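There are 4 protein chains.
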Amino acid sequence: MSMRGVLRLAEVQMRVLDMAESKQHYGTRMGLHEMMTDDNGLVYFKAWAEHDHHSLVLRETDRAGLDHIAFKVYDDATLDDLEKKIIEFGINVERVEAGVYPKSGRRLKFTLPTGHEMHLFAEKQQVGNSLGTFNPDVIPDDDVCRGFRINALDHVFIVGPDADQNLKLFTEVFDFSYTERVIDADGNTVLFFVSCSSRAHDIAFGMNPEPGLIHHVSFRLENPQDHIRAADLIGKYEIPVEMNDRHGVTQVKTIYYFDPSGNRNEVFCDGYTYYPDMPLLTWTMDELDHAAFSQSLRVPESFLGVYT
Amino acid sequence: MSMRGVLRLAEVQMRVLDMAESKQHYGTRMGLHEMMTDDNGLVYFKAWAEHDHHSLVLRETDRAGLDHIAFKVYDDATLDDLEKKIIEFGINVERVEAGVYPKSGRRLKFTLPTGHEMHLFAEKQQVGNSLGTFNPDVIPDDDVCRGFRINALDHVFIVGPDADQNLKLFTEVFDFSYTERVIDADGNTVLFFVSCSSRAHDIAFGMNPEPGLIHHVSFRLENPQDHIRAADLIGKYEIPVEMNDRHGVTQVKTIYYFDPSGNRNEVFCDGYTYYPDMPLLTWTMDELDHAAFSQSLRVPESFLGVYT
Amino acid sequence: MSMRGVLRLAEVQMRVLDMAESKQHYGTRMGLHEMMTDDNGLVYFKAWAEHDHHSLVLRETDRAGLDHIAFKVYDDATLDDLEKKIIEFGINVERVEAGVYPKSGRRLKFTLPTGHEMHLFAEKQQVGNSLGTFNPDVIPDDDVCRGFRINALDHVFIVGPDADQNLKLFTEVFDFSYTERVIDADGNTVLFFVSCSSRAHDIAFGMNPEPGLIHHVSFRLENPQDHIRAADLIGKYEIPVEMNDRHGVTQVKTIYYFDPSGNRNEVFCDGYTYYPDMPLLTWTMDELDHAAFSQSLRVPESFLGVYT
Amino acid sequence: MSMRGVLRLAEVQMRVLDMAESKQHYGTRMGLHEMMTDDNGLVYFKAWAEHDHHSLVLRETDRAGLDHIAFKVYDDATLDDLEKKIIEFGINVERVEAGVYPKSGRRLKFTLPTGHEMHLFAEKQQVGNSLGTFNPDVIPDDDVCRGFRINALDHVFIVGPDADQNLKLFTEVFDFSYTERVIDADGNTVLFFVSCSSRAHDIAFGMNPEPGLIHHVSFRLENPQDHIRAADLIGKYEIPVEMNDRHGVTQVKTIYYFDPSGNRNEVFCDGYTYYPDMPLLTWTMDELDHAAFSQSLRVPESFLGVYT
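Below is the structure:
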């Protein structure tokens with residue numbers, strides 16, 4: 001069947017320290033389209049290939065980090081179905097009326113075992129990808145696909161205690177597939193990768209004592225040449241770069257860099273096509289170099305310790 | 001949720017006129033791995049990134065074309081569920097025991113409205129993609145990913161009468177999403193594209209008076225450089241080429257060429273990421289040039305008339 | 001030594017039928033920078049990576065084609081040296097004062113055996129490539145490298161009688177290397193490729209009874225992704241395309257298309273690195289398919305017959 | 001004119017500590033073709049696209065580093081011409097008979113101001129690039145272009161005292177163009193880049209108190225996808241990597257890594273097309289980050305301190 005149930009990570013709300021600098025970073029430099037500012041000063045962005053009104057929301061405050069993630073589901077009936085199951089799982093669910101979150105239909109709001117706020121919604125205003133739907137254009141104009149040429153919001157990697165409970169929730173309730181994991185010397189899993197698509201992960205969880213932190217928010221690029229272009233622009237703008245390499249896990253070509261507030265961003269391209277009849281891949285911590293950065297085999301200390 | 005139900009086109013059996021030439025074409029030149037020859041002389045091939053034992057089967061006989069297509073489903077319970085629904089739809093279903101088709105679990109076998117034989121199965125012997133599952137390799141060796149560097153079987157485009165009934169079956173019973181279509185001057189749909197993945201189509205149907213014919217079988221490449229490599233090899237081997245271009249429909253970069261028996265093959269890369277909340281795209285026949293070949297806007301006569 | 005003597009094809013003046021349409025074609029669509037219009041209405045363009053003020057000049061008149069080509073030489077002394085040798089070769093040379101051609105130093109002007117007007121000059125006003133020369137930028141901005149993302153004017157392919165005399169002039173007087181050729185069934189060379197750089201040709205000559213015609217003017221792209229982008233834009237703008245393929249001769253990936261006046265343009269990427277200690281490559285007319293279009297092996301009739 | 005005089009860096013002889021490991025590194029892994037072992041145990045390698053019998057020579061001994069570099073010149077007359085000029089410059093020249101260096105014509109042998117041994121030769125046995133010269137193939141087979149898919153030896157970066165005297169010799173005697181430089185806070189040039197081709201450098205010199213050391217030997221790749229492939233293989237083989245980035249100087253995409261003896265290697269792709277009418281580019285040491293590694297702006301300590 002086509003994808004049903006939970007479809008994708010469709011919205012991330014990040015906390016930033018300075019909105020003007022953040023608008024320059026995410027908008028002017030990375031090329032995301034600034035869609036609106038709401039009455040509370042939150043700024044809404046969309047990547048060119050997305051149809052929904054926005055996928056990234058920024059809130060200016062005094063502490064960087066992640067406010068919430070929101071996954072889009074196939075239809076309203078899915079919300080009812082999942083609400084029951086989340087409650088059965090042991091997690092309280094708050095219902096949020098349509099429109100409370102701008103341009104969005106009603107939402108279910110709850111807290112993950114790792115301490116992160118998560119929403120599910122079925123409806124969002126769609127503005128399209130600029131190509132049209134009747135004899136559509138095939139390629140975007142240069143003023144539509146610009147900057148880093150990001151196609152879409154792709155995933156987040158979040159950390160907290162009880163990441164294994166996140167895995168349980170996502171696999172048993174949201175019906176994600178468990179695609180890859182990293183285990184420590186005692187055989188305990190410390191990094192969990194799950195997918196609801198044909199990509200190797202739509203979200204990843206890592207064990208960390210402090211709840212509610214984010215390792216990175218990730219955006220999808222079209223091809224390796226755009227990846228090179230993004231790397232060149234990151235250098236040109238002197239954006240702090242952590243790594244430019246390939247991940248063994250998921251096989252994507254990645255660039256990790258930081259927004260002006262210290263939130264880690266990723267842009268990536270490639271990665272294998274995942275199907276649920278593929279075996280779970282297991283990496284051990286002593287091979288973390290290959291798992292994390294398979295070209296340079298270098299794992300910067302910051303990579304394992306810096307979250308917001 | 002992750003993909004469930006019908007997962008992907010997992011097997012195509014083609015008729016070829018000369019097995020030796022076909023083994024050279026699909027194996028030596030295109031780089032598919034020849035896995036075995038069964039007692040009836042059928043030859044089985046696998047693309048490097050696939051885990052299943054085989055995805056392409058060739059049968060030597062005196063008429064080129066398609067013997068059957070087979071989709072893999074998530075689990076055995078799906079077979080039971082779909083068997084009921086297919087019968088309700090009005091199509092007879094034959095049960096085939098495990099092992100009748102080599103390396104395969106039990107199958108449901110039935111005939112599509114367009115006259116094509118289709119199977120569903122849940123199990124096939126898996127041999128892996130050579131990378132391993134415990135601290136896996138990240139890239140394949142040159143003797144594994146070779147020739148055209150094809151990753152996987154991707155889709156077929158089949159033609160026959162009642163293609164609209166195929167659409168009905170695939171959307172209502174198999175729960176595929178209807179992604180794109182081409183309509184004629186009278187508003188009738190003549191080309192139907194449906195997806196069960198995040199690619200724009202996993203199978204396509206076209207209206208044609210004669211039943212059971214195939215337009216092309218398609219294989220997925222990793223990136224544009226491999227696409228260029230395939231094009232260079234096609235020229236080197238003097239394989240008859242029909243077109244090398246981009247499709248407006250699905251946006252993939254394509255090369256159409258013919259196997260020694262006259263069956264049309266495609267290798268492609270790229271294409272947009274599809275989600276079921278994206279609107280159906282409609283093309284009109286008078287814009288077929290953009291829909292079919294958006295770079296050259298040339299539609300060879302053969303493209304609309306040659307099937308096997 | 002570094003390149004000395006004749007350096008490169010540095011200017012081409014083309015005749016166009018409609019300046020407005022041509023400005024849209026070469027400027028807006030292809031992305032060349034429109035630098036100025038002179039008192040006679042000629043319009044001057046520059047590709048982003050070039051340092052000279054302009055490389056393409058358009059003159060509106062009632063017959064498409066080539067007015068002149070101009071090669072830049074290393075220094076003024078080279079002009080004196082070559083003037084003597086051209087005259088010795090048997091070709092009259094006219095001296096043109098600095099400034100007669102806008103932004104240009106003095107020129108030598110003469111007619112090639114094939115009937116084409118050719119200039120040599122040592123000086124042209126330089127405007128730079130936008131990156132600077134002191135702690136320069138590394139990559140151009142999106143408003144500098146745009147459209148087809150053309151780096152530079154690269155070469156022309158001109159046709160006329162006595163193309164073999166052009167070869168003699170270019171190799172014996174201008175000290176070019178003879179890199180590749182195409183010979184007919186009688187062993188006569190009909191296509192001549194010569195180089196003054198590390199590319200396989202800086203100019204090519206073909207035998208044709210009528211003098212002074214041009215097969216194509218060619219512009220150099222940075223990489224295959226830009227080549228794909230150009231092809232997509234050509235389709236989007238419905239610019240008439242002749243071929244998109246690879247040349248066996250020079251190995252470049254090419255796209256041939258026509259400007260609004262019917263002048264053939266080429267954009268290309270790649271191609272091997274040439275050195276004068278490499279053997280002359282010879283192709284026979286019966287293998288013209290591989291020589292001309294090594295991926296599709298298709299040689300459109302227009303390719304051998306349409307000149308302006 | 002086409003390139004004359006000194007054509008290119010055509011041979012590098014490196015000292016390695018373990019020949020077996022080095023043959024695996026340069027041959028099996030990097031994909032260079034092992035051509036022969038001479039009576040003294042030196043091993044000779046060739047990159048696929050080169051025509052000369054070999055370009056890299058390895059000599060096993062107890063100290064890593066560079067034995068000599070050799071540039072090929074256009075013809076024997078150039079040797080006579082340059083011999084005079086080198087002597088006039090103040091450097092002794094030793095004549096070496098043809099055949100003393102295997103497969104090579106006669107050589108001039110001398111010591112650069114920086115302490116490095118340099119040869120010039122006009123003749124070397126040619127074995128071709130496998131494509132042929134009569135209706136040649138257009139692309140190499142997978143067993144010819146393999147491993148890192150290196151096209152050719154490209155340049156070296158050598159360090160020693162009096163690097164400015166190297167510059168003088170190369171520009172005034174060998175007629176190279178001075179393309180880029182890095183100056184320190186006092187305005188003294190510490191890094192010199194010179195070219196005899198249309199690439200931004202064919203050799204580079206750096207100031208270093210100790211004479212005769214090498215920073216790196218560099219090999220040219222065809223395109224960015226091969227660059228990614230090389231990076232993946234370097235990680236797969238766990239070859240020590242120093243950096244994967246773009247140089248501001250020359251704009252090439254680079255990977256620096258070490259052979260088993262600690263000699264630094266580079267593979268690169270891209271880079272701008274250089275002409276001698278382009279202005280000298282100057283970088284300051286305080287912008288070394290952009291000059292050296294324009295994507296990450298990171299300059300590892302090893303980069304400025306490790307030579308062999």
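Line order of the protein sequences matches chains L, H, R and S. Residue numbers for the first sequence follow UniProt numbering, beginning at 1 and rising by one. Residue numbers for the second sequence follow UniProt numbering, beginning at 1 and rising by one. Residue numbers for the third sequence follow UniProt numbering, beginning at 1 and rising by one. Residue numbers for the fourth sequence follow UniProt numbering, beginning at 1 and rising by one. Note that the Cβ used here is the ideal one computed from N, Cα and C, for glycine as well. Owing to the predicted nature of the structure, the values given are computational and were not obtained by experimental measurement.
By the C-beta criterion, the region 213-226 of chain R is judged not to be in contact with the region 171-191 of chain R, since fewer than 3 inter-stretch pairs fall below 8 Å. Judged by DSSP in its simplified three-state form, V96 of chain L adopts strand. Closest option to I150 of chain L, judged by alpha-carbon separation, among L:K124, L:L56 and L:A49: L:A49. Distance between G132 of chain R and H116 of chain L, taken at the CA atoms: about 48 Å. Note that the C-beta distance between P209 of chain R and D162 of chain R is not below 8 Å. D270, Y272, T273, Y275, P276, D277, M278, P279 and L280: these are the residues of the region 256-280 of chain R whose beta carbon lies less than 8 Å from some beta carbon of chain S, given in chain order.
For the UniProt domain "VOC" (152-270) of chain H, the set of positions with a beta-carbon nearer than 8 Å to some beta-carbon of chain R reads P224, Q225, I228, A231, D232, I234, G235, K236, E238, V241, N244, D245, R246 and K253 in chain order. Here M118 of chain H carries a strand assignment [DSSP, helix/strand/coil]. In this structure, S:F170 is the residue among S:P140, S:F170, S:G99 and S:I183 with its C-alpha nearest to the C-alpha of L9 of chain S.
Against chain L, a Cβ distance below 8 Å from D18 of chain R picks out nothing, because the smallest value is about 24 Å.
Here Q13 of chain H has V57, R59, D67 and H68 as same chain residues with Cβ atoms under 7 Å from its own Cβ, once five neighbours each way along the sequence are excluded. The beta carbon of T111 of chain R lies closer than 8 Å to those of I91, N92, E117 and M118 in the same chain, with the five residues before and after it left out. Membership of L304 of chain S in the alpha helix (DSSP H) is indicated by the continuous run E301 to G305.
Straight-line measurement puts the Cα of D80 of chain S at about 23 Å from the Cα of V194 of chain S. C-alpha of L108 of chain L to C-alpha of A122 of chain L: approximately 10 Å in a straight line. Our two residues, I214 of chain R and R63 of chain R, have alpha carbons roughly 13 Å apart in a direct line.
Not a single unbroken stretch of the alpha helix (DSSP H) spanning 4 or more residues falls wholly within the region 181-230 of chain S.
Between the beta-carbon of G248 of chain L and that of S294 of chain L there is about 4 Å, and that keeps the pair under the 8 Å contact cut.
Note on geometry: alpha-carbon atoms of S22 of chain S and F134 of chain H lie some 30 Å from one another. Counting along the chain, A291 of chain S sits inside the alpha helix (DSSP H) bounded by residues L288 to A292. Interface residue (Cβ-Cβ distance to chain L less than 8 Å): I139 of chain R is classified as such. Contact annotation for S296 of chain L against chain S: G235, V241 and N244 [CB-CB distance below 7 Å, chain order].
Boundaries of the alpha helix (DSSP H) around K85 of chain L: D76 to F89. Pairing V159 of chain R with Y307 of chain R gives a Cβ-Cβ distance under 8 Å. Around R146 of chain L, the beta-carbon contacts reaching into chain R at under 9 Å are D142. At a cut-off of 8 Å, the C-beta of M3 of chain L has a neighbouring C-beta in chain H. Chain-order list of chain H residues neighbouring R8 of chain L: Y275, by C-beta distance under 7 Å.
Bridge pairing for N265 of chain R: R:V217 and R:Y257 [DSSP]. M243 of chain H is bridged by DSSP to H:Y256.
At a Cβ-Cβ threshold of 8 Å, H33 of chain L and N129 of chain L do not count as neighbours. Per DSSP, reduced to three states, the secondary structure at Y178 of chain R is strand.
Judged by DSSP in its simplified three-state form, I158 of chain R adopts strand. Leaving aside the five residues that flank T282 of chain R on each side, the residues in its chain whose CB is nearer than 7 Å to its CB run, in chain order, R181 and I183. Scanning chain S for C-beta atoms nearer than 9 Å to the C-beta of T61 of chain R yields nothing, as the closest lies near 31 Å away.
Excluding residues up to 5 positions away in sequence, F148, R149, I150, N151, H227, A230, V267, F268 and C269 lie with their Cβ nearer than 8 Å to the Cβ of L221 of chain S in the same chain. Classified as buried, D277 of chain H has 16 or more neighbouring CB atoms from the shown chains inside 10 Å of its CB.
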